[in-house]
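Participant: First the structure, then my questions, so here it is.
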Amino acid sequence: MIILEGFILATILCGFLGIMLKRNLVMKIMGMDVMSSGVIAYYVFIASRKGFFTPILTAKDNVDYADPVPQAVILTAIVIGFSIQALMLVGVMKLAVDNPTLETDEIENTIGK
């Protein structure tokens, strides 16, 4: 389990480094998506515990059932992340109409003039 947690944290770190080090706006958005996926995977990893039963599949007495609230939070986070990514890509498409490149340094120089 520690190895899986390490891989998940490495995914978050790769996404963060993609946001910080890449100069292309589309690559920054991809890095944010990777980081968001890592955070969601980490939340699922933390929320999942052994010994809990799903109430739909098993009907046993005196057992601990899985809490549905973390599952609802994860689904909401996935939908919100997808909508934010789509909104940012639309913004980049609008920006690409005026600028021939999507490099942040060149866009800042063009706007600064």
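Following full-length UniProt numbering, the numbering of the sequence shown begins with 1 at its first residue and continues without gaps.
Glycine residues also receive a C-beta, built at the ideal position from the N, C-alpha and C atoms.
To which residues of the same chain is G38 closer than 7 Å at the C-beta, ignoring the five residues directly before and after it?
Facilitator: I8, T11, I12 and G15
Participant: Please report the residue range of the alpha helix (DSSP H) in which L102 lies.
Facilitator: Where L102 is concerned, there is no enclosing alpha helix (DSSP H), given that its DSSP letter is neither H nor E.
Participant: Going by CA-CA distance only, name the one from D61, M27 and A41 that's closest to V92.
Facilitator: M27
Participant: Taking its Cβ as the centre, do 16 or more other Cβ atoms sit within 10 Å of S48, making it buried, or is it exposed?
Facilitator: exposed
Participant: Taking buried to mean at least 16 other C-beta atoms within 10 Å of its own C-beta, is L75 buried or exposed?
Facilitator: Per the 10 Å Cβ criterion, exposed.
Participant: Determine the extent of the alpha helix (DSSP H) in which K28 is found, giving its start and end residues.
Facilitator: In the DSSP annotation of this structure, the continuous segment of the alpha helix (DSSP H) that includes K28 starts and ends at L25 to A47.
Participant: Give the straight-line distance between the Cα atoms of L89 and I78, rounded to the nearest whole angstrom.
Facilitator: 16 Å
Participant: What's the C-alpha gap between I3 and L95?
Facilitator: Rounded to the nearest angstrom, the gap between the Cα atoms of I3 and L95 is 41 Å.
Participant: How many angstroms separate the CA atom of I40 from the CA atom of D64?
Facilitator: 24 Å
Participant: Let me make sure I understand the geometry here. Which of F45, M30, D33 and N109 has the alpha-carbon closest to that of G6?
Facilitator: When only C-alpha atoms are compared, the closest one is F45.
Participant: Does the beta-carbon of G112 have 16 or more other beta-carbons within 10 angstroms, so that it is buried, or is it exposed?
Facilitator: exposed
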